[in-house]
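Enquirer:
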Amino acid sequence: VRAKVCVADYDGDGRLDLFLVNWFQGRGSLLLHNETRPRRWLDVRAVGKRSNRMGIGARVRVSLDARLLGLQEISTGCGYASGQPAVAHFGLADAAAVDVQVVFPSGATVEKKGVAADQVLTVEEP
2 VRAKVCVADY DGDGRLDLFL VNWFQGRGSL LLHNETRPRR WLDVRAVGKR
52 SNRMGIGARV RVSLDARLLG LQEISTGCGY ASGQPAVAHF GLADAAAVDV
102 QVVFPSGATV EKKGVAADQV LTVEEP
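Sequential numbering from 2 applies to the sequence shown in my numbering.
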């Protein structure tokens, strides 16, 4: 049996949860709530002004002491009849603060230094 998977932090605790969509009769969809030990995290939302408002296509780079921790492109599509929030989610292990760079589809770049962990950071296109 095949199911489509959507990944999102449905309860806002910083841990990604899974929603398994099942289209077959007699088998319901499942929400798998992540109950692992909490670690540091950061969600980044990009708000476009010249680019699209949801920041789709913006590239988000997170680093610590000039060492790359993660790189994601903001998107919403993850499969047929499913999607995810327009947010870049990063697990930070034990890092209390990181540097964030957002490159918007227009080419505009925003850099933020020493961003505290465990929050949703909204970055606006200049």
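For glycine and all other residues, C-beta sits at the position ideal for the given N, C-alpha and C.
Judging by CA-CA distance, which residue of Ala109, Pro106 and Leu70 is the nearest neighbour of Leu43?
Expert: Checking every option, the nearest Cα to that of Leu43 belongs to Leu70.
Enquirer: Taking the DSSP output, what are the residues bridged to Phe105?
Expert: Beta-bridge pairing links Phe105 to no other residue.
Enquirer: Within 10 angstroms of the Cβ of Gly27, are there 16 or more other Cβ atoms? Answer buried if so, exposed if not.
Expert: Flag for Gly27 reads exposed.
Enquirer: In the DSSP assignment, find the beta strand (DSSP E) that holds His90 and state where it starts and stops.
Expert: Element bounds for His90: Ala89 to Ala94.
Enquirer: For Thr77 and Val8, what's the separation of their Cα atoms in angstroms?
Expert: Distance between the alpha carbons of Thr77 and Val8 is about 11 Å.
Enquirer: Does the distance from the CB of Asp119 to the CB of Gly15 come in under 8 Å?
Expert: Taking 8 Å as the Cβ cut-off, Asp119 and Gly15 qualify as a contacting pair.
Enquirer: With Val63 and Phe91 assumed to form a contact (beta carbons below 8 Å), what rounded beta-carbon distance in angstroms separates them?
Expert: The pair is a contact, with the Cβ atoms about 5 Å apart (cut-off 8 Å).
Enquirer: Please classify Ser64: does DSSP put it in a helix, a strand, or coil?
Expert: Of the three classes helix, strand and coil, the one that applies to Ser64 here is strand, per DSSP.
Enquirer: Return the Cβ separation of Val88 and Val101 in integer angstroms, given the expectation that the two are a contact with Cβ distance under 8 Å.
Expert: Actually they do not touch by this definition, with Cβ atoms about 13 Å apart.
Enquirer: If we ignore side chains and look at the alpha-carbon of each, how far apart do Arg54 and Val124 end up?
Expert: Each residue's Cα considered, the two are about 11 Å apart.
Enquirer: From Val6 to Phe25, what distance separates their C-alpha atoms?
Expert: Going from the Cα of Val6 to the Cα of Phe25 covers about 14 Å.
Enquirer: Along the chain, where does the beta strand (DSSP E) containing Leu33 start, and where does it finish?
Expert: Looking at the DSSP string, the run of the beta strand (DSSP E) that includes Leu33 is Leu31 to Leu33.
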